[in-house]
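Asker: Okay, here's the structure, questions in a sec.
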Amino acid sequence: MKRKDPATKNQKYLAIFLALTMFLSVFMIFFTDDSNTDSNNDVSATENGEENLTISFSQIPGKQVRHEFNSIADGLNMSPEGVISATYVDLQRTTGTPFEQVLGNVKTMDSLYGADVTKRYGAGYADGNGFELHQIPEQKILMPWGTVPYNGYYLLARTNNTYDVWNVVGSPVILGPRQSVEDVIDVLEGNATATTEYDSLLTQANPEGSIYQEVVTRTNSTDIPADQLYRELKKMDDGSYSQTSLYLSPEPEFTEKIQTLQANSTERGVTYNVTTAGDTTKLIITSDFGSLLNETQLLSQ
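The sequence shown maps to residues 76 to 376 in my numbering.
Spelled out as structure tokens, the structure:
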């Protein structure tokens, strides 16, 4: 029998894992021509004099974002109400792990910014809108096509009136359709309320050292076995991986499945730690990378 290459096996495991965690549908925010509005006419036609010309954040007038950005909780604290799904990735921690193949690394967004992005957050809403936050330590960005002021900040056009995609610089940088970016600014300025949907779960989380975090609310477009889900992934010092999941009001059938799989988990090389507090079930699974992803697949069946 032909032995599979380890890299090929890792790619297979990653594909399974991301399908189960809905990463691609939660994290990637698409901007289409349908989201264009007449407000794009406000953007000046300032074009780059040379390709890949970057400018310092200090060269951009107006206010800049100043907000803590070290976990998914920090991203949610900047997000307008109604988030149904969100993800946070520490791109510095993906380096050298199988997650680098899909989640990317600090160089992944060079073509957009001309600079490294070390942390990335994305939030999605029931109406299909969303936005992202990006940490850019170099404090520089590719020259925009034009600018539009809003509440003391300057929105930077990322395309020449082709798509409704805008930035506001700072720590972190905001990226999204113009209305979504303005909504985030409203939260930062205290003119709108940040989302609090996941506060009860996040108080039970320990995100320090996480590569990846996500939160999801069950809706018609999200398929999770609980009213809400929080999940985080970490690489341990011994090279193993740990996945912590918090389920708010899990379905009884899913609770039974956890108990069944826990009963013989050691036979599969997986360690389970299950606790329940009120209406929340906390599940910590620890194993090598391949076994952890296989266990995730078993839980989803």
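All C-beta atoms in this analysis are idealised placements derived from N, C-alpha and C, irrespective of residue type, glycine included.
1. Verify whether the separation of the beta carbon atoms of TYR316 and SER255 is less than 8 Å.
2. Compare the Cα-Cα distances from ARG306 to each of LEU276, LYS332, SER296 and report the closest residue.
3. Quick check: TYR322 and ALA301, are their CB atoms within less than 8 Å of each other?
4. In this structure, does DSSP put PHE133 in helix, strand or coil?
5. With H, G and I counted as helix, E and B as strand and the rest as coil, what does DSSP make of SER296?
6. Mark MET311 as exposed unless 16 or more other C-beta atoms lie within 10 angstroms of its C-beta, in which case mark it buried.
7. Curious, which full-length beta strand (DSSP E) runs of at least 3 residues does the region 209 to 275 contain?
8. Once DSSP output is grouped into helix, strand and coil, what is the label at GLN176?
9. What alpha helix (DSSP H) runs, 4 residues minimum, are completely inside the region 175 to 205?
10. What are the start and end residues of the alpha helix (DSSP H) that includes GLU331?
11. How many Å lie between LEU336 and PRO325 at the Cα?
12. Any idea which residues DSSP pairs ASN348 with across the strands?
13. Could you give the residue range of the alpha helix (DSSP H) that holds ARG343?
14. Any idea if GLY197 is buried or exposed, counting beta-carbon neighbours within 10 angstroms, 16 or more meaning buried?
15. From ASP298 to GLY344, what distance separates their C-alpha atoms?
16. Buried or exposed for PRO327, please, with buried defined as at least 16 other CB atoms from any protein chain shown within 10 angstroms of its CB.
17. Mapping the DSSP letters down to three states, classify ALA148 as helix, strand or coil.
18. Give a yes or no on contact between the region 155 to 164 and the region 240 to 253, applying the rule of three or more CB pairs nearer than 8 Å.
19. What does DSSP give as the partner residue(s) for LEU323 in the beta ladder?
20. On the DSSP bridge assignment, give the partners of SER285 in chain order.
21. Specify, as a first and last residue, the run of the alpha helix (DSSP H) that THR169 falls within.
22. Reducing DSSP to helix, strand and coil, say where THR371 ends up.
23. To which residues of the same chain is GLY205 closer than 8 Å at the C-beta, ignoring the five residues directly before and after it?
24. Helix, strand or coil: which one does DSSP assign to SER160?
25. Would you kindly work out how many angstroms separate the C-alpha atoms of LYS182 and GLN214, rounded to a whole number?
26. Could you tell me how far apart the beta carbons of THR193 and ILE286 are, in whole angstroms, since I believe they sit closer than 8 Å?
27. In whole angstroms, what is the alpha-carbon distance linking ALA269 and THR170?
28. Quick check on SER315: does DSSP put it in helix, strand or coil?
Answerer: In short:
1. Their beta carbons are not under 8 Å apart, which means TYR316 does not touch SER255 by this criterion.
2. LEU276
3. yes
4. In the sequence on display, residue 133 carries Ser and not Phe. DSSP places SER133 in helix when its eight states are reduced to three.
5. DSSP places SER296 in the coil class of the three-state scheme, outside both helix and strand.
6. exposed
7. 215 to 217, 222 to 225, 228 to 232, 241 to 243, 248 to 251
8. helix
9. 175 to 178, 185 to 188, all fully within the region 175 to 205.
10. From DSSP, the alpha helix (DSSP H) with GLU331 extends over 327 to 338.
11. 16 Å
12. ILE359
13. It is not in any alpha helix (DSSP H) - ARG343 carries neither H nor E in the DSSP assignment.
14. buried
15. 28 Å
16. exposed
17. helix
18. no
19. Note: LEU323 is bridge-paired with GLN303, THR355 in the DSSP secondary-structure output.
20. LYS309
21. 166 to 169
22. helix
23. Cβ within range, chain order: ILE104, GLY197, ALA198, GLY199, GLY251, SER255.
24. strand
25. 15 Å
26. Not quite, the Cβ-Cβ distance comes to about 13 Å (not below 8 Å), so this is no contact.
27. 32 Å
28. coil
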